[in-house]
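S.K.:
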Amino acid sequence: MSQGVGVWKKILKERDLIFQNSNLEVHYGKSVYFWWDLWCGPSRLKDRFPSIYKISRKKYGAIAYVVSSVDNRVIGMAPMLLESDDVFNCSLANDNVFSANAIRNSLPTVDVLRRRGTTIVNRCWFCLKDEETVPHLFLNWISLCYGRGDMAIIEVKGYGTDCLLQYGGYYGLKEMAGCLMMKIMRWNNPKCNNGGRLPPGSMGFPLIGESIQFFIPTKSLDMPGFIKKRIARYGTLFRTSLAGRPIVVSSDPEFNYFIFQQEGKLVQLWYMDSFSSVVGNVFDVTATNYVHKYIKNVVSNHFGTESLKDQLLPKLEAMANQGLQSWSTQSSVELKESVASMIFDLSSKLLFSYDGSKNPNHNMSKMLNNFVQCVMAFPLNIPGTAFHRCLKDQKMAIKILKDILHERLNAPEKRYGDFLDQIVVDMKKEEFLTEEFVVFLMFGILLASFEAISSAITVGMTLLTDHPLVVKELMEEHEAILKSRNDGESQLTWKEYKSMTFTSHVINETLRMSSVAPGILRKVIKDIHVKGYVIPEGWTIMVVPSALQMNSEKFKDPLIFNPWRWNDIGSNTSVLKSFIPFGGGSRNCAGAEFSRVSMAIFLHVLVTKYR
Numbered sequence: 001m002s003q004g005v006g007v008w009k010k011i012l013k014e015r016d017l018i019f020q021n022s023n024l025e026v027h028y029g030k031s032v033y034f035w036w037d038l039w040c041g042p043s044r045l046k047d048r049f050p051s052i053y054k055i056s057r058k059k060y061g062a063i064a065y066v067v068s069s070v071d072n073r074v075i076g077m078a079p080m081l082l083e084s085d086d087v088f089n090c091s092l093a094n095d096n097v098f099s100a101n102a103i104r105n106s107l108p109t110v111d112v113l114r115r116r117g118t119t120i121v122n123r124c125w126f127c128l129k130d131e132e133t134v135p136h137l138f139l140n141w142i143s144l145c146y147g148r149g150d151m152a153i154i155e156v157k158g159y160g161t162d163c164l165l166q167y168g169g170y171y172g173l174k175e176m177a178g179c180l181m182m183k184i185m186r187w188n189n190p191k192c193n194n195g196g197r198l199p200p201g202s203m204g205f206p207l208i209g210e211s212i213q214f215f216i217p218t219k220s221l222d223m224p225g226f227i228k229k230r231i232a233r234y235g236t237l238f239r240t241s242l243a244g245r246p247i248v249v250s251s252d253p254e255f256n257y258f259i260f261q262q263e264g265k266l267v268q269l270w271y272m273d274s275f276s277s278v279v280g281n282v283f284d285v286t287a288t289n290y291v292h293k294y295i296k297n298v299v300s301n302h303f304g305t306e307s308l309k310d311q312l313l314p315k316l317e318a319m320a321n322q323g324l325q326s327w328s329t330q331s332s333v334e335l336k337e338s339v340a341s342m343i344f345d346l347s348s349k350l351l352f353s354y355d356g357s358k359n360p361n362h363n364m365s366k367m368l369n370n371f372v373q374c375v376m377a378f379p380l381n382i383p384g385t386a387f388h389r390c391l392k393d394q395k396m397a398i399k400i401l402k403d404i405l406h407e408r409l410n411a412p413e414k415r416y417g418d419f420l421d422q423i424v425v426d427m428k429k430e431e432f433l434t435e436e437f438v439v440f441l442m443f444g445i446l447l448a449s450f451e452a453i454s455s456a457i458t459v460g461m462t463l464l465t466d467h468p469l470v471v472k473e474l475m476e477e478h479e480a481i482l483k484s485r486n487d488g489e490s491q492l493t494w495k496e497y498k499s500m501t502f503t504s505h506v507i508n509e510t511l512r513m514s515s516v517a518p519g520i521l522r523k524v525i526k527d528i529h530v531k532g533y534v535i536p537e538g539w540t541i542m543v544v545p546s547a548l549q550m551n552s553e554k555f556k557d558p559l560i561f562n563p564w565r566w567n568d569i570g571s572n573t574s575v576l577k578s579f580i581p582f583g584g585g586s587r588n589c590a591g592a593e594f595s596r597v598s599m600a601i602f603l604h605v606l607v608t609k610y611r
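Going by full-length UniProt numbering, the first residue of the sequence shown is number 1, and it counts up by one from there.
(1) Could you compute how far the alpha carbon of K219 sits from the alpha carbon of R522?
(2) Could I get the ranges of all uninterrupted alpha helix (DSSP H) runs contained in the segment 230 to 279, with 4 residues as the minimum, in chain order?
(3) From the DSSP output, which residues share a beta bridge with Y533?
(4) Give me the DSSP bridge partner(s) of residue 672.
(5) Please determine whether the Cβ atom of L474 lies at a distance below 7 angstroms from any heavy atom of the ligand SAM.
(6) Is the segment 208 to 223 touching the segment 564 to 584, taking contact as three or more C-beta pairs under 8 angstroms?
(7) Report the rounded CA-to-CA distance for V597 versus I525, giving the unit in angstroms.
(8) Check whether the Cβ atoms of L266 and D252 lie closer than 8 angstroms to each other.
(9) In whole angstroms, what is the alpha-carbon distance linking K358 and G417?
(10) By Cβ distance, which residues of its chain are closer than 6 angstroms to I453, with the 5 residues on each side in sequence left out?
(11) So, helix, strand or coil for G356, using DSSP?
(12) Taking only runs of the alpha helix (DSSP H) that begin and end inside the segment 303 to 344, which ones reach a length of at least 4 residues, in chain order?
(13) For the segment 401 to 419 against the segment 431 to 439, do three or more pairs of beta-carbon atoms, one drawn from each stretch, fall closer than 8 angstroms, so that the two count as touching?
(14) Are L335 and M542 closer than 8 angstroms when you measure CB to CB?
(15) If I'm right that M367 touches M396 with Cβ under 8 angstroms, what's the distance once you round it to whole angstroms?
(16) Candidates Y234, G583, Q311: which alpha carbon is nearest G519's?
(17) With a threshold of 16 other CB atoms inside 10 Å of the CB of N487, please say whether the residue is buried or exposed.
(18) Note the first and the last residue of the continuous alpha helix (DSSP H) segment covering I400.
(19) Considering only their Cβ atoms, is the gap separating P190 from P246 smaller than 8 angstroms?
(20) Once DSSP output is grouped into helix, strand and coil, what is the label at F205?
(21) Compare the C-alpha of N321 against each of V339, A480, S546 and name the closest.
(22) Compute the Euclidean distance between the alpha carbons of P581 and F387, then round it to the nearest angstrom.
(23) Tell me where the alpha helix (DSSP H) around G497 begins and ends.
(24) With a 10 Å radius around its C-beta and 16 neighbouring C-beta atoms as the bar for buried, classify E553 as buried or exposed.
(25) For P545, which of P468, S578, T510, I457 has the nearest alpha-carbon?
(26) In terms of alpha-carbon separation, which member of F205, T573, R233 lies closest to G244?
(27) Any idea if Q549 is buried or exposed, counting beta-carbon neighbours within 10 angstroms, 16 or more meaning buried?
(28) Pull up the distance between the alpha-carbon of F260 and that of V372, whole angstroms please.
(29) If you reduce the DSSP assignment to three classes, tell me which class I227 lands in.
(30) With I453 as the anchor, note down where its alpha helix (DSSP H) starts and where it stops.
(31) Apart from the five residues just before and just after G196, which ones in its own chain have a Cβ nearer than 6 angstroms to its Cβ?
(32) Helix, strand or coil: how does DSSP classify L604 here?
(33) Less than 8 angstroms separating the beta-carbons of R611 and E263?
(34) I'd like to know whether the C-beta atoms of S241 and G209 end up nearer to each other than 8 angstroms.
(35) Can you find the residues in the same chain that come closer than 7 angstroms, C-beta to C-beta, to C192, ignoring five residues on each side of it along the sequence?
(36) What is the rounded straight-line gap between the Cα of T503 and the Cα of I601?
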């Protein structure tokens with residue numbers, strides 16, 4: 001046998017008969033290359049490739065290389081995969097490794113391989129068979145031969161006859177098509193560990209999955225059509241694939257509540273590639289609990305309840321007054337953009353005392369607005385795509401933030417009384433607070449406050465326009481607050497904010513109907529068993545807030561704006577598990593109260609001063 005020693009076992013079927021009646025050779029150089037797939041785990045080569053491994057040992061063939069199909073490099077742990085008396089010879093150069101060349105699509109012909117004296121053992125890149133038929137062994141290389149006229153020749157001796165198999169370009173193309181079909185079948189029918197059963201669903205096309213359908217925008221307040229159709233077909237748990245990642249989508253309130261409580265045990269924080277690539281490593285899923293607690297604490301210190309009571313209420317009221325006053329002088333207003341600009345002005349001042357006049361040529365608010373519209377686009381970074389435009393806006397915003405940070409670091413004695421002041425001080429004692437980390441931290445917090453609050457206020461104002469009875473009751477509640485004051489011109493107090501019962505219901509109903517995040521992601525770090533299904537380690541779980549908050553079993557007539565429903569909900573735990581506008585578990589939003597207070601004060605100014 002001159003090439004592919006042992007790989008014909010699936011053709012001739014009778015392995016033992018082959019060993020008894022065949023004249024087997026490990027070719028001229030007596031070197032065997034094993035193409036190892038790291039995803040298979042650290043089982044020994046003799047277990048993964050029993051036939052060829054047995055032949056190579058009988059004929060004293062040196063195992064010249066164990067090659068990784070993942071990164072094209074020789075595996076450092078190769079000796080661990082061998083038996084103690086096996087030969088491991090690494091003297092050959094990397095450019096002699098067929099599998100590395102195969103991945104790079106610059107493949108040697110059979111004649112070249114013969115002159116090198118090699119035997120190649122690999123797994124099919126398409127169908128992932130462990131020990132392959134002869135056609136599979138040369139699949140990648142034969143497909144390259146198409147149109148070039150090269151011929152793959154495998155000589156099989158034994159079993160009473162000699163056989164010369166020739167595979168030219170056209171036959172190779174046919175083989176490749178067969179393997180591609182097998183790959184598609186494997187993609188659509190993934191296997192589960194230990195024979196478990198995956199949730200029902202479809203994985204779509206290889207690599208792109210069902211991403212195109214998922215990323216189609218919707219203007220409806222109802223849950224996205226992609227989610228709604230699949231819930232109707234498969235139930236509250238179904239599998240899919242988005243941007244090449246296997247995902248289980250859940251709209252089951254009890255399971256979602258369970259998942260949020262398993263942070264660091266069964267699941268960990270995760271973001272889609274399109275989001276991770278633009279917010280940097282601040283939200284890295286490998287971040288330690290200490291880093292996560294630091295971020296949550298520092299955000300709470302500046303935007304939490306105590307800060308709201310002592311400092312932020314008058315600033316939020318001034319923001320609402322200035323914004324509404326400015327709009328009242330205009331003939332028309334682009335609501336979402338105007339609200340976003342208003343929120344940006346305050347958030348950027350609280351975070352890093354931003355002065356837009358220093359960057360007159362760069363409207364950072366508009367950059368963020370464009371960025372938000374594209375961040376959930378398919379992560380295809382080529383000119384003309386939404387994601388490419390998103391990255392351009394992100395890079396410009398990051399540059400502005402870097403300049404601000406460098407200005408602070410160059411003059412640390414100058415104090416501004418903002419969020420960045422504390423971060424600059426902490427950079428001297430916290431090693432993880434690098435310049436890059438701080439820049440992306442500010443970007444992430446600014447983005448979160450900017451989008452969440454502006455979207456909720458925009459949806460709220462739109463809904464109020466169509467519901468005069470809601471506006472009437474809001475006006476009555478806030479006029480009662482004004483009448484109870486000794487000084488009619490005094491500013492809003494924390495006690496007055498806490499007395500806004502109906503306003504709180506309006507905010508809850510607005511948040512229920514204006515879910516910003518299409519999904520909250522958690523990566524599975526241990527197999528999860530649920531309702532007879534298994535969600536394998538390495539998969540991702542997507543909790544869809546809109547699927548929960550638009551569930552007619554929990555919220556009667558979910559598409560109707562009805563703040564009065566919250567009178568009956570109260571502390572109903574079953575219903576509240578389906579209301580997750582700020583996430584859940586230990587990773588819930590640290591700025592939740594800031595968002596609620598911002599909305600309440602805006603409504604207070606709106607209904608008491610404008611009609």
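For every residue, glycine included, the Cβ atom is placed at its ideal position computed from N, Cα and C. Keep in mind the model is a prediction, meaning the values are calculated, not measured.
M.R.: From the atom records:
(1) 26 angstroms
(2) Runs found: 253 to 260, 273 to 279.
(3) V530
(4) There is no way to answer for residue 672, as the model of the chain reaches only from 1 to 611.
(5) Judged by which ligands are present, the structure shown has none, so any question about the ligand SAM falls away.
(6) no
(7) 36 angstroms
(8) no
(9) 19 angstroms
(10) Excluding sequence neighbours, I453 sits near I343, S595, S598.
(11) helix
(12) 313 to 328
(13) The segment 401 to 419 vs the segment 431 to 439: in contact.
(14) Contact annotation: L335 and M542 have beta-carbon atoms that are not nearer than 8 angstroms.
(15) 6 angstroms
(16) G583
(17) At residue 487 the sequence reads Asp, which differs from the Asn that was named. Exposed.
(18) 386 to 410
(19) yes
(20) strand
(21) Here the closest residue by C-alpha is V339.
(22) Linking P581 to F387 through their CA atoms gives a straight-line distance of about 25 angstroms.
(23) According to the sequence as given, residue 497 is Tyr; it is not Gly. Element bounds for Y497: 494 to 498.
(24) exposed
(25) Relative to P545, the option among P468, S578, T510, I457 whose CA is nearest is S578.
(26) F205
(27) buried
(28) 25 angstroms
(29) helix
(30) 435 to 465
(31) Closer than 6 angstroms at Cβ, skipping near neighbours: V534.
(32) First, the amino acid is wrong: residue 604 is His here, not Leu. Three-state result, H604: helix.
(33) no
(34) Yes. Within cutoff.
(35) L198, V534, P536
(36) Cα-Cα distance, rounded: 10 angstroms.
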